[in-house]
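Engineer: Numbering (the numbering used here), first residue to last: 22 to 244. Where is the CB? At the ideal position from N, CA and C, for every residue including glycine.
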Ligand SMILES: *Cc1c(COP(=O)(O)O)cnc(C)c1O
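See below:
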């Protein structure tokens, strides 16, 4: 199947759901993103600032760019002018820098807080007690140029479907808990969960943004 056909298939799948597709185009050249664009895809996810600095100028301006990878504070400035949504906020320090760069660009940048839901040690993200602390009014009042609109998580890399489902369910539980918060800069509406191998489970567990790469663009080759 072609990239365009893959996009159409996902759009059909999501048609009657509240979930949207973020096409994860990391490592892929602009020509392949263009194929997805021509099939109607407008949301693209990248995990490297370098690629986010290169690709937008090669592609139509109505694309919404999502940052889904670990973001270093010293690189926020490069994406602050245009980034649509940062899925991978994993520290208060990063949030402060995004706020600062958003102000410089006279905009509000929408962010998701990355939650550590997997078994693996190395995955980035907050745990529940850290989220509780961060989402207290006092801490966030100083940051008027960010808006926290939801949570993002990555399940454990495993064939154990039950385990993946539990992890997504845990993330949805946190989302429901924080959904009642209604601050100027905290209004939860998105749960970013589900990738090529587990988006089906994520959809069943309430995902609103699936981040799919290889199922659309084919396997990635890292040189
Ligand atoms: C690469 C990546 C994806 C997409 O992975 P696939 O398995 O190719 O769908 C989703 N989310 C994040 C954070 C990623 O880094």
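Alpha carbons only, please: which of 158, 169 and 143 is nearest the one belonging to residue 176?
Structural biologist: On the chain shown, residue 176 is found 155 positions in, with the first residue counted as 1. Considering only alpha carbons, the answer is 143.
Engineer: For the alpha helix (DSSP H) containing residue 103, name the first residue and the last one.
Structural biologist: Here residue 103 refers to the residue found at position 82 when the chain shown is read from its first residue. Segment: none, residue 103 is in no alpha helix (DSSP H) and carries neither H nor E.
Engineer: Do residue 155 and residue 147 come within 8 Å of each other at the CB atom, strictly closer than that value?
Structural biologist: Working through the chain shown from its first residue, we reach residue 147 at position 126. Working through the chain shown from its first residue, we reach residue 155 at position 134. Yes.
Engineer: State buried or exposed for residue 165, treating a residue as buried only when at least 16 other CB atoms are found within 10 Å of its CB.
Structural biologist: Along the chain shown, read from residue 1 onward, the residue named residue 165 stands at position 144. It is exposed - the Cβ of residue 165 has fewer than 16 other Cβ atoms within 10 Å.
Engineer: Does DSSP classify residue 162 as helix, strand or coil?
Structural biologist: One-based indexing of the chain shown puts residue 162 at position 141. Of the three classes helix, strand and coil, the one that applies to residue 162 here is coil, per DSSP.
Engineer: Got a sec? Which residues, its chain only, sit under 8 Å from residue 114 by beta carbon, not counting five neighbours each side?
Structural biologist: Looking up residue 114 in the chain shown gives position 93. 94.
Engineer: Given a cut-off of 8 Å, decide if residue 167 and residue 133 are closer than it, judged by their beta-carbon atoms.
Structural biologist: The residue given as residue 133 occupies position 112 in the chain shown. The residue given as residue 167 occupies position 146 in the chain shown. No.
Engineer: From what residue to what residue does the alpha helix (DSSP H) around residue 32 run?
Structural biologist: Along the chain shown, read from residue 1 onward, the residue named residue 32 stands at position 11. Where residue 32 is concerned, the enclosing alpha helix (DSSP H) stretches over 24–35.
Engineer: For residue 207, is the classification buried or exposed, using 16 other Cβ atoms within 10 angstroms of its Cβ as the cut-off for buried?
Structural biologist: For the purposes of this step, residue 207 is taken as residue 186 along the chain shown, with counting starting at 1. With 16 or more Cβ atoms within 10 Å of its Cβ, residue 207 is classed as buried.
Engineer: Do residue 54 and residue 76 have their C-beta atoms closer together than 8 Å?
Structural biologist: Start at 1 with the first residue of the chain shown, and residue 54 comes out as number 33. Start at 1 with the first residue of the chain shown, and residue 76 comes out as number 55. Yes, the Cβ-Cβ distance between residue 54 and residue 76 is below 8 Å.
Engineer: Does ligand 1 have a heavy atom nearer than 7 Å to the CB of residue 163?
Structural biologist: For the purposes of this step, residue 163 is identified with residue 142 of the chain shown, where counting begins at 1. The answer is no for residue 163.
Engineer: Confirm, please, whether the CB-CB distance from residue 65 to residue 78 is below 8 Å.
Structural biologist: Counted from its first residue, the chain shown places residue 78 at position 57. Counted from its first residue, the chain shown places residue 65 at position 44. No, the pair does not count as a contact, with Cβ atoms beyond the cut-off.
Engineer: Let's see if you can read the secondary structure: which residues bound the beta strand (DSSP E) around residue 135?
Structural biologist: The residue labelled residue 135 in the question sits at position 114 within the chain shown. It spans 130–136 - the beta strand (DSSP E) in which residue 135 sits, taken as one unbroken run.
Engineer: Would a C-beta distance cut-off of 8 Å place residue 62 and residue 44 closer than the cut-off?
Structural biologist: Taking the chain shown and counting its residues from 1, one reaches residue 62 at position 41. Taking the chain shown and counting its residues from 1, one reaches residue 44 at position 23. Yes, the Cβ-Cβ distance between residue 62 and residue 44 is below 8 Å.
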